[in-house]
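K.L.:
One structure, pasted below without further comment.
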Amino acid sequence: MLFLHGYGARKECFLPQINHFSRFCRITAFDFTGFGDAPPLSDAWAVEDYAEETRRLVRSLSLQRPHVVAHSFGARVAVKIAAADENFFDKIVLTGAAGIVPPRTIGYRFKVGAYRLVRRFFPAYAERHFGSAEYRALSPVMRESYKKIVNEDLRAAAAEIQNPVLLIFGAEDGETPPAAGEIYRAAIQGSRLEILPGCGHFVFLDDPLSFNALVEEFLQL
152 MLFLHGYGAR KECFLPQINH FSRFCRITAF DFTGFGDAPP LSDAWAVEDY
202 AEETRRLVRS LSLQRPHVVA HSFGARVAVK IAAADENFFD KIVLTGAAGI
252 VPPRTIGYRF KVGAYRLVRR FFPAYAERHF GSAEYRALSP VMRESYKKIV
302 NEDLRAAAAE IQNPVLLIFG AEDGETPPAA GEIYRAAIQG SRLEILPGCG
352 HFVFLDDPLS FNALVEEFLQ L
C-alpha cells in the first residue's frame, strides 16, 4: 500500500492506518518535496511534477501496482497518475479528495481583481493581507506552486480512471465537502462513495476504525 498525504501535512498523519494495514501489506509512505522532512522546493511545482516524483519513487522501490490511499492534495496526485496509466495502481482510495474547482463567483473575481491591483502598487501589503492563512504562511516559491495546484480542475482526468475507486468523505468537511465526492463519483465509472457522519477533512483521523474497516473491505484484505 502507498499513502499520499495532503497539502501541508506529512506521512505521519497516516499512522493509524500504517499501524493497522502493516499487518496485511508492505507499506510505503513518504513526504512530498516541500513538506515534512523532504527538501524544500527550488521552483514552483504543479500537480504533474508531484505525480512524476511519485512515479520515480514507486519505480525506484520496485513496487508493482500498489494499492493507494490518498488524502486531499495527495488525491490530486493519485488521480493524475491513474488517469494516465491504469496499470500503475491497483485499487485506489481517495479521501477528502481535492481537485474539483468550484465555479468562480462574482465575489471571488472581485477579490482576485483587488489583489492584483493592490499587489501592483503595494506588493508587500498584498502578500500580508490577501489569501488564506495557509497561503500567507507559505514561502514565495510554495505560493507559486500552490496557485498552480489549486487552479487545476481534475474532473476530466478523473473520468479517465479505469481502476476500482473508493471515495471516503467526511460529512462535516468544509474544505472538500461531500458535494465534491459526488462529483468524483459521477466522473469515475464504477466508483463508490462513502460519507462518514461527524467527520471533517481528516476523516481517517476523526474515525480511524470506520475508515480502516471500509478500506479493508474494499481491498479485500
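In this text, residue positions in the sequence shown follow this note's numbering: the first is 152, and each later residue adds one. Note that CB positions come from ideal geometry on N, CA and C, so glycine has one too.
Can you name, in chain order, every residue of its own chain whose Cβ lies under 6 Å from the Cβ of residue 202, other than the five neighbours on each side?
P.N.:
Stepping through the sequence shown from its first residue, residue 202 is reached at position 51. Excluding residues within five positions, the ones whose Cβ falls inside 6 Å are 228, 231, 232.
K.L.:
In angstroms with no decimal places, state the Cα-to-Cα distance between residue 301 and residue 249.
P.N.:
As a position in the sequence shown, residue 301 is number 150, starting the count at 1. As a position in the sequence shown, residue 249 is number 98, starting the count at 1. Distance between the alpha carbons of residue 301 and residue 249 is about 8 Å.
K.L.:
Report the rounded CA-to-CA distance for residue 294 versus residue 288, giving the unit in angstroms.
P.N.:
What you label residue 294 is simply residue 143 of the sequence shown in a count that begins at 1. What you label residue 288 is simply residue 137 of the sequence shown in a count that begins at 1. Computed Cα separation, rounded: 9 Å.
K.L.:
If you compare alpha carbons, which of 154, 324, 338 is closest to residue 220?
P.N.:
Taking the sequence shown and counting its residues from 1, one reaches residue 220 at position 69. Nearest of 154, 324, 338 to residue 220, Cα basis: 154.
K.L.:
So for residue 177, helix, strand or coil by DSSP?
P.N.:
Translated into positions along the sequence shown, residue 177 becomes position 26. Here residue 177 sits in coil by DSSP.
K.L.:
If you drop the 5 nearest sequence neighbours on each side, which residues of the same chain put their C-beta closer than 7 Å to that of residue 264?
P.N.:
As a first step, residue 264 is located in the sequence shown; it is residue number 113 there, counting from the start. In this prediction, residue 264 scores a pLDDT of 48, lower than 50, which makes its location untrustworthy; the coordinate-derived value is nonetheless stated afterwards. Here the set comprises nothing.
K.L.:
Is residue 257 buried or exposed, if buried means 16 or more other CB atoms sit within 10 Å of its CB?
P.N.:
Against the sequence shown, residue 257 aligns to sequence position 106. Because residue 257 sits at a pLDDT of 49, beneath the cut-off of 50, its placement in the model cannot be relied upon, and the point is left open.
K.L.:
Measuring only the C-alpha atoms, how far is residue 332 from residue 344?
P.N.:
As a first step, residue 332 must be located in the sequence shown, where it is residue number 181. As a first step, residue 344 must be located in the sequence shown, where it is residue number 193. Computed Cα separation, rounded: 7 Å.
K.L.:
When you compare only the Cα positions, how much space is there between residue 196 and residue 296?
P.N.:
The residue labelled residue 196 in the question sits at position 45 within the sequence shown. The residue labelled residue 296 in the question sits at position 145 within the sequence shown. In a straight line, the C-alpha of residue 196 is about 5 Å away from that of residue 296.
K.L.:
I believe residue 164 touches residue 156 by the beta-carbon criterion, under 8 Å. Please report the beta-carbon distance rounded to the nearest angstrom.
P.N.:
For the purposes of this step, residue 164 is taken as residue 13 along the sequence shown, with counting starting at 1. For the purposes of this step, residue 156 is taken as residue 5 along the sequence shown, with counting starting at 1. Rounded to the nearest angstrom, the Cβ distance from residue 164 to residue 156 is 6 Å, consistent with a contact under 8 Å.
K.L.:
Here's a check: name, in chain order, each residue in its chain whose Cβ is nearer than 7 Å to the Cβ of residue 181, leaving out the five neighbours to either side.
P.N.:
On the sequence shown, position 30 is the one that residue 181 refers to. If we look at residue 181 and ignore the five residues flanking it on each side, its Cβ neighbours are 162, 208.
K.L.:
Would you mind reading off the limits of the beta strand (DSSP E) that contains residue 343?
P.N.:
The residue given as residue 343 occupies position 192 in the sequence shown. DSSP places residue 343 inside the beta strand (DSSP E), whose first and last residues are 343-347.
K.L.:
Assign residue 261 to buried or exposed, taking buried as 16 or more other Cβ atoms, counted over all protein chains shown, within 10 Å of its Cβ.
P.N.:
For the purposes of this step, residue 261 is taken as the residue at position 110 of the sequence shown. Unreliable positioning characterises residue 261 in this predicted model, as indicated by a pLDDT of 41, which lies under 50. A coordinate reading is not provided.
K.L.:
What separation, rounded to the nearest whole angstrom, lies between the Cα atoms of residue 368 and residue 237?
P.N.:
Sequence index remark: in the sequence shown, residue 368 carries index 217 (1-based). Sequence index remark: in the sequence shown, residue 237 carries index 86 (1-based). Looking at the two C-alpha atoms, the distance is approximately 21 Å.
K.L.:
Thinking C-beta only, is residue 234 closer than 7 Å to residue 311?
P.N.:
Counted from its first residue, the sequence shown places residue 311 at position 160. Counted from its first residue, the sequence shown places residue 234 at position 83. Yes, the pair counts as a contact, with Cβ atoms nearer than the cut-off.
K.L.:
Along the alpha helix (DSSP H) that carries residue 205, what are the first and last residues, could you check?
P.N.:
Locating residue 205 in the sequence shown gives position 54, where the first residue counts as 1. Start and end: 198-211.
K.L.:
When the distance is taken between beta carbons, is residue 354 closer than 7 Å to residue 347?
P.N.:
Counting from one through the sequence shown, the residue named residue 347 turns up at place 196. Counting from one through the sequence shown, the residue named residue 354 turns up at place 203. Yes. Within cutoff.
K.L.:
Would the beta-carbon of residue 326 fall within 7 Å of that of residue 198?
P.N.:
Position 175 of the sequence shown, counted from the first residue, corresponds to residue 326. Position 47 of the sequence shown, counted from the first residue, corresponds to residue 198. No. Outside cutoff.
K.L.:
Going by CA-CA distance only, name the one from 166, 193, 210 that's closest to residue 291.
P.N.:
Here residue 291 corresponds to residue number 140 of the sequence shown, with the count starting at 1. Selected option, being the one with the closest Cα: 193.
K.L.:
Excluding five sequence neighbours on each side, which residues of the same chain lie with their C-beta closer than 8 Å to the C-beta of residue 239?
P.N.:
Position 88 of the sequence shown, counting from 1, holds the residue named residue 239. Cβ within range, chain order: 206, 209, 216, 232, 233.
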